[in-house]
Amino acid sequence: MKNRRVILLDIEQKLRRDFSDLYISYPVNVPKNVTKLGLIFNYHNNFSESNSDNVVMFVALHDPEGFRGHRMNPGGKGDVSLELWTTPNNSSEGAIPGEIIPGEWTVKIDIRALSIETSYELHVYIETADETPEPINIDYPDAHIVKSEPGWYKGELHAHSTESDGRYEVEDVIDAAKKYGLDFFALTDHTTCSQWYKLAKLQNPSTALIRSMEITSHLGHANLHGIKNWINVYIDEPGWSANQAAEEVHKQGGLFCVNHAFSGHLSWRDFDLDWGLVDMEEIYHNLEGANNSYQLSLWDQHLNQGFRIVGVAGIDSHNPYEGIHELGQLVTCVYADELSEKGIIEGLRRGQVYISRGPDFRFNAKTGNIEAAMWESLPQDGPITLEIDVKWNKPLNLFIIKNGLILDVLKTSSTDDDWQKITFIDPEPGLKNQTYYRVELHDDVLNLPYRGIIWRDFSTMRVLSNPIWVGRKK
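With numbering that gives the first Met the number 0 applied, the sequence shown has no gaps in its numbers, which climb one by one up to 473 at the end.
What follows is the structure in structure tokens.
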């Protein structure tokens with residue numbers, strides 16, 4: 000059976016520096032009996048360390064029924080070439096295999112930076128044959144349970160592979176997650192869900208794999224966790240918004256998480272977002288440094304406004320073995336009924352979650368005979384007793400945070416393999432409205448310039464808890 004190649008689209012186009020559209024779309028009519036459809040997209044980026052000129056573009060492919068692929072190379076310099084192709088039973092990185100559906104397909108160019116005039120080339124081709132192979136059938140096992148026991152599980156909620164802009168292929172990234180002892184792992188490749196089809200082949204007895212993807216819009220980034228189908232990521236186009244995307248995530252049983260909200264050009268800038276639709280915020284991001292202080296303050300602002308947003312962490316790993324991208328140095332810890340995709344998603348939704356750069360940690364509170372864990376609520380019936388259990392091999396400063404302000408600072412001692420319990424009593428919660436308590440653990444920094452200062456920033460952080468509420472109505 001000999002394949003015959005046909006060029007469907009062959010375009011060379013200049014872009015002026017003042018071109019203001021975010022996207023350029025080209026329709027492509029695809030006939031029957033196609034065995035392969037592909038595109039090659041070329042442009043030049045003149046960026047250098049001494050030259051501020053920058054051109055960054057991505058490309059996506061959609062069939063008559065929805066998403067089929069996306070390619071990006073955001074750090075590409077000089078001549079940049081992006082390629083996508085799909086067949087009934089195979090595909091390039093970033094693309095989804097399956098039937099080449101006859102009808103109108105769309106090529107979508109995403110213009111991320113255009114500070115100098117440039118040009119691009121777009122070539123779209125098909126291959127046809129007298130017979131087409133049967134489309135691949137990939138079944139993602141919803142019910143895969145790694146462990147059926149309830150408990151605390153640690154994992155990573157933000158990482159990338161070569162399906163978008165990561166350095167390692169899907170299988171290698173999952174091997175790294177196993178190596179670093181992660182119980183669950185979310186591979187959040189930008190725009191695409193092509194990684195799911197490779198994860199489906201890698202379900203294993205040691206790591207719960209979560210179907211996730213990252214909205215990577217001109218208005219900000221957001222992780223979508225625990226979804227079952229690709230969700231429209233183009234929240235910066237007319238007729239579709241972040242609010243609608245979040246609602247669609249919820250319809251699929253998933254969670255919507257705003258990422259690195261203060262990350263320069265990658266900051267969250269969608270001022271029409273309804274924060275009541277947001278399930279989680281990245282309050283600590285391993286690549287963000289001092290920006291984490293602002294992210295934590297934004298979260299406190301949202302908690303004080305009554306929003307039920309769970310604080311989580313993300314390494315945003317693009318290379319699981321190297322430097323600040325290395326997996327395992329920062330984890331989100333979740334109490335779940337079982338170790339599975341479903342169990343972790345439900346655990347995150349309940350909010351019994353903390354962030355750790357090393358220590359083991361537990362946080363509970365009580366008033367009278369009533370007890371509460373993180374995200375649970377106590378009545379306003381008198382003194383509140385906070386109970387913090389820590390296991391870590393160095394002394395730490397323990398910050399009691401009440402409604403976003405420091406209520407007190409305590410000391411922990413080195414515990415090696417033993418748990419240390421610390422009890423704190425707030426005798427007069429004293430607020431008519433809802434109150435929340437959360438806990439931070441930080442390294443003890445010596446030789447500070449003024450007696451009375453106790454240092455607390457992104458570099459000293461060891462643990463961030465989620466809150467326990469007082470007087471909150473469910």
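Virtual Cβ for every residue (Gly too), placed ideally from N, Cα, C.
Sequence-distant residues of the same chain with beta carbon closer than 6 Å to residue i, five excluded per side
i, result
"Glu92", "Thr161 and Glu162"
"Trp104", "Val27, Val29 and Asp62"
"Lys401", "Tyr436"
"Gly72", "For clarity, residue 72 is Asn in the given sequence; the question names Gly instead. Cβ within range, chain order: Val79."
"Lys420", "Asp388"
"Ile10", "Leu121"
"Lys491", "Since the first residue of the chain shown is 0 and the last is 473, residue 491 is not available in this structure."
"Val330", "Lys153 and Ser355"
"Gln251", "Ile226 and Lys227"
Given residue i as reference, the closest of the options once Cα atoms are compared
i, options, result
"Gly418", "Glu213, Leu81, Phe360 and Asp235", "Residue identity differs from the one stated: residue 418 is Trp in this sequence, not Gly. Closest by alpha carbon: Phe360."
"Gln351", "Ser376, Pro358, Ala185 and Gly357", "Ser376"
"Ala260", "Trp239, Gly253, Glu246 and Leu286", "Leu286"
"Gln12", "Gly37, Asn41 and Leu21", "Asn41"
"Tyr25", "Trp454, Trp239 and His122", "His122"
"Gly150", "Gly346, Ser464 and Asp9", "Gly346"
"Glu148", "Asp336, Phe183 and Asn32", "Asp336"
"Leu7", "Glu98, Lys365, Leu38 and His143", "Leu38"
"Ala207", "Ile369, Arg348, Lys177 and Ile230", "Lys177"
"Ser19", "Glu98, Lys341, Tyr293 and Glu116", "Glu116"
"Gly403", "His43, Leu295 and Tyr152", "Leu295"
"Ile100", "His43, Val145 and Lys35", "Lys35"
"Asp269", "Trp454, Gln251 and Trp239", "Trp239"
"Val510", "Asp407, Ser464, Lys31 and Glu386", "Beyond the ends of the chain as shown, which are 0 and 473, falls residue 510; an answer cannot be given."
"Glu64", "Trp195, Ser211, Ile369 and Gly102", "Gly102"
"Val475", "Thr434, Lys31 and Gly263", "Summary: the structure shown does not reach residue 475, with the chain confined to residues 0 through 473, and so no result is reported for it."
"Ala519", "Arg455, Val438 and Trp298", "Here the chain comprises residues numbered 0 to 473, so residue 519 is not present and cannot be evaluated."
"Cys256", "Thr434, Ser211, Gln300 and Asn291", "Ser211"
"Glu496", "Val33, Gln379 and Asn432", "Summary: the structure shown does not reach residue 496, with the chain confined to residues 0 through 473, and so no result is reported for it."
"Ile405", "Glu439, His284 and Trp374", "Glu439"
"Ser118", "Gly253, Glu213, Arg349 and Leu14", "Leu14"
"Ser458", "Arg356, Ile308 and Gln300", "Arg356"
"Gly77", "Lys146, Gln251, Asn44 and Val58", "Asn44"
"Ser205", "His189, Phe398 and Tyr179", "Tyr179"
"Tyr124", "Asn2, Gln194, Ala175 and Val145", "Asn2"
"Arg70", "Arg16, Ser193, Asp17 and Glu98", "Ser193"
"Pro358", "Leu409, Cys332 and Gly253", "Cys332"
According to DSSP, residues forming a beta bridge with residue i
i, result
"Gln419", "Val389"
"Arg4", "Glu126"
"Val33", "Thr127"
"Lys153", "Cys332"
"Val311", "Glu281"
"Tyr119", "Gln12 and Tyr42"
"Ala364", "Ala371 and Leu385"
"Ala158", "Ser316"
"Ile453", "Looking at the DSSP assignment, Ile453 forms no beta bridge with any residue, so it has no partner."
"Ala185", "Ile209"
Own chain residues within Cβ distance below 8 Å of residue i, not counting five before or after
i, result
"Phe531", "Only positions 0 to 473 of the chain appear in the structure, and residue 531 is not among them; the question remains open."
"Asn88", "Pro96, Pro132, Glu133, Pro134 and Ile135"
"Tyr22", "Lys107, Ile108, Asp109, Ile110, Tyr233 and Glu236"
"Gln300", "Gly403"
"Glu170", "Lys197 and Leu201"
"Val408", "Asn396, Leu397, Phe398, Ile399 and Ile453"
Beta-carbon proximity of residue i to residue j, cut-off 9 Å
i, j, result
"Phe66", "Thr191", "yes"
"Gln328", "Ile314", "yes"
"Leu302", "Trp267", "no"
"His477", "Leu265", "With the chain covering only 0 through 473, there is no way to say anything about residue 477."
"Ile383", "Pro428", "yes"
"Thr86", "Gly68", "no"
"Ser339", "His143", "yes"
"Ala241", "Asp271", "yes"
"Ile209", "Leu186", "yes"
"Ile226", "Leu201", "no"
"Val462", "Tyr334", "no"
"Leu81", "Ala94", "no"
"Asn396", "Asp442", "yes"
"Asn368", "Glu386", "no"
"Ile452", "Ala372", "no"
"Tyr283", "Met460", "yes"
"Gly74", "Asp188", "no"
"Gln379", "Val469", "yes"
heavy atom of the ligand SAM below 8 Å from residue i C-beta
i, result
"Glu236", "The ligand SAM is absent from the structure shown, which contains no ligands of any kind."
Close-in-space but distant-in-sequence residues of the same chain around residue i (CB under 7 Å, 5 per side omitted)
i, result
"Tyr293", "Phe261"
"Arg166", "His317 and Asn318"
"Ile230", "Leu223, Ala244, Glu247 and Val248"
"Glu168", "Ser160 and Thr161"
Measuring CB atoms only, is the region 114 to 132 touching the region 316 to 335, in the sense that at least three cross pairs come out at less than 8 Å?
no
At least 3 beta-carbon pairs within less than 8 Å: the region 409 to 420 vs the region 389 to 399:
Verdict: yes, contact present.
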